[in-house]
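These notes are about the structure you will find just below.
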Amino acid sequence: SLSSAPPSPSLSRSTTPSPPSTTSPSPAPSSSPDAEQPPSPAKVVVAKSVLYSQSCAAVQVQYYPCTDWDIQALHSFAPINLAYRFAVMPDLELLCRSLLLMRTKYPKCLGSVVSVNDVYYIKTPSNDTCIRALEVSDNALGSRQEWQAVLDHFPLREGELAGPRLFQALVLHTARPADGAVLLVTIDHVTGDAASCELLMQAWSASYKAHSGAAHYVLPEAPLKANLVHRCAQPAHVLRRFYFRAPDFAPLKAYIADGASGFTTNDVLMAVCLCALAPFRARDTASARLSLMANARGRGLPVDFMGNGAVPMDVYVPWDLLLSFDLASVVRAVRAGMTEALKALPALCAAPPQDPPPQEPILVWNSWARVRGLVEADFGLGLRQWEWMNSFQLEDPACFLVVPEIAPGGLCLHASLPVHEMAYLVTVWDSMLNFQVPSGPA
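Counting from 1, one number per residue, gives the positions in the sequence shown under UniProt numbering.
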């Protein structure tokens, strides 16, 4: 790896006029009894905007070659938006300094993509290291809809242009430090998949803690949330969040295993969702295609790889098996398909990205369940809430994502489906967790 010069200690702060208020559309109301009732249209008025800037003038410029997979991520995947709500207001100057100190460990994340003789590189540093602090109202500080409005107003990418900036940090706070703060972090997918985001946020949090000199604020353990339903941008679709802990599936896994081993909670989750969607999908092939994103670290990439290590792969399960609702057999078929697909991952990583198969997937699956470090990056400030903001803008009609939750051992399955399909998924979920075979959809 390339070495970098020590960062310059200089720090500047500039106050700019407030940007215009930003407005995000209000979701349509949901009739579901466990639906999250949206507030009135989110309108964020910024009272003051302060830019904290750490000079990178003394840092040696370096160029890191991009892989074909990096370039695919740059052009095909949206930037990742993460939200951290803290009980304690951070020291903003220290937050900026600690970000630059962290940069010496993972320099590419604060770079930019450039082309030299038709070869793509990540140039680092691309500019000064900055954090923008925005003073907002009490309501804006506690509203996820208004966090999204702020992200929309300060996009990482300008229009369709990707690459000039690969990282952004915004801090929302009120006029009262006792209210705490919200940290909105945007990371371009070219420098970070889920595992890279975990490494980055853990390093930044550790750097801040090491230099704060203050006692770390610890909150009581958070309870597991109740399931929620959100309206989607797509008409007649809903986004549902299923909250659970992996041990909740232990009885079902033991029942399915029947002395066997080797499958995971993720296998069971995928099998349940496959069974729920099978009755609604056209069956013009022998098997259904399950599309996944796999972490290639240790399977073609170094274990400590920092960058886009997410590689697409496909698993095929016979339609007649899915329609039998024999969950144990479906789980075994999913695990067998996963095992074979993972064996091929090193060769897949070594080759240029290929076009996806022509067969439409029954569902698209992505799991961040193993990156708990994302919710453990609390900066010593007491983490009250954590959100993967992209999950509320899922546009794929059958996109499933598993993310960690701040409750100990907590996980959340995000699913985006038409209303009638979501209702049946809930039925199948509840039935199978209680060892029952669900009836067919109405």
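Cβ atoms here follow ideal geometry from the backbone N, Cα and C, with glycine treated the same way.
In the DSSP secondary-structure assignment, Phe86 is bridged to Ala181, Leu383.
In this structure, the straight-line span from the alpha carbon of Phe392 to that of Leu239 is close to 7 angstroms. Secondary structure note for Arg241: its beta strand (DSSP E) is the uninterrupted segment 237-245. Between Lys253 and Val50, the alpha-carbon positions lie close to 52 angstroms from each other. Cβ atoms of Asn308 and Asp193 come within 8 angstroms of each other, at about 5 angstroms. Between the segment 363-372 and the segment 202-212 there are fewer than three C-beta pairs closer than 8 angstroms, too few to call the two in contact. CA-CA distance, Tyr120 to Pro358, rounds to 29 angstroms. Between Leu134 and Val171, the C-beta spacing is below 8 angstroms. Taken in chain order, the whole alpha helix (DSSP H) runs of length 4 or more contained in the segment 122-202 are 138-141, 144-153. Going by beta carbons, Pro79 and Ile187 fall inside the 8 angstroms limit. For Ser53, the enclosing beta strand (DSSP E) stretches over residues 48-54.
Between the segment 397-407 and the segment 137-157 there are fewer than three C-beta pairs closer than 8 angstroms, too few to call the two in contact. Look at Leu224 here: in three-state DSSP terms it is coil, with no helix or strand label.
Secondary structure of Gln72 (DSSP, three-state): helix. Under the DSSP definition of a beta bridge, Asn295 partners with Ala310.
For Ser98, the enclosing alpha helix (DSSP H) covers residues 92-103.
Look at Ile80 here: in three-state DSSP terms it is strand.
Proximity of the segment 373-382 to the segment 85-104 meets the contact definition, three or more beta-carbon pairs being nearer than 8 angstroms. When secondary structure is reduced to three states using DSSP, Leu110 falls in the helix class.
Straight across, the Cα-Cα distance linking Cys273 with Ala350 is about 31 angstroms. When only Cα atoms are considered, Pro247 and Gly262 end up about 16 angstroms apart. The segment 65-78 makes no contact with the segment 128-146: fewer than 3 CB pairs, one atom from each, lie closer than 8 angstroms. With at least 16 other beta carbons inside 10 angstroms of its own, Arg165 counts as buried.
A direct Cα-Cα distance of roughly 12 angstroms separates Asp284 from Asp320. In this structure, the straight-line span from the alpha carbon of Lys343 to that of Met389 is close to 32 angstroms. Sequence-distant partners of Pro279 (beyond 5 residues in either direction) whose C-beta falls short of 8 angstroms from its own C-beta, in its chain, are Leu323, Tyr424, Gly440, Pro441.
Under DSSP, Gln354 shares a beta bridge with no residue. Taking C-alpha positions only, Asp314 is separated from Asn266 by approximately 15 angstroms.
Per the coordinates, the alpha-carbon of Ala333 lies some 10 angstroms from the alpha-carbon of Thr339. The beta-bridge partner set that DSSP reports for Arg231 consists of Val238. Around the beta carbon of Asp128, 16 or more other beta carbons sit within 10 angstroms, so the residue counts as buried.
Sequence-distant Cβ neighbours of Ala169 in its own chain, meaning closer than 6 angstroms and more than five residues away, are Ile131, Val185.
Arg335 sits in a helix when the DSSP states are folded into three classes. Within a 10 Å sphere around the beta-carbon of His75 sit fewer than 16 other beta-carbons, which makes this residue exposed. Residue pairing by DSSP places Gly410 opposite Arg245 in a beta bridge. Inter-residue distance for Lys48 and His173 is about 10 angstroms (C-alpha atoms, whole angstroms).
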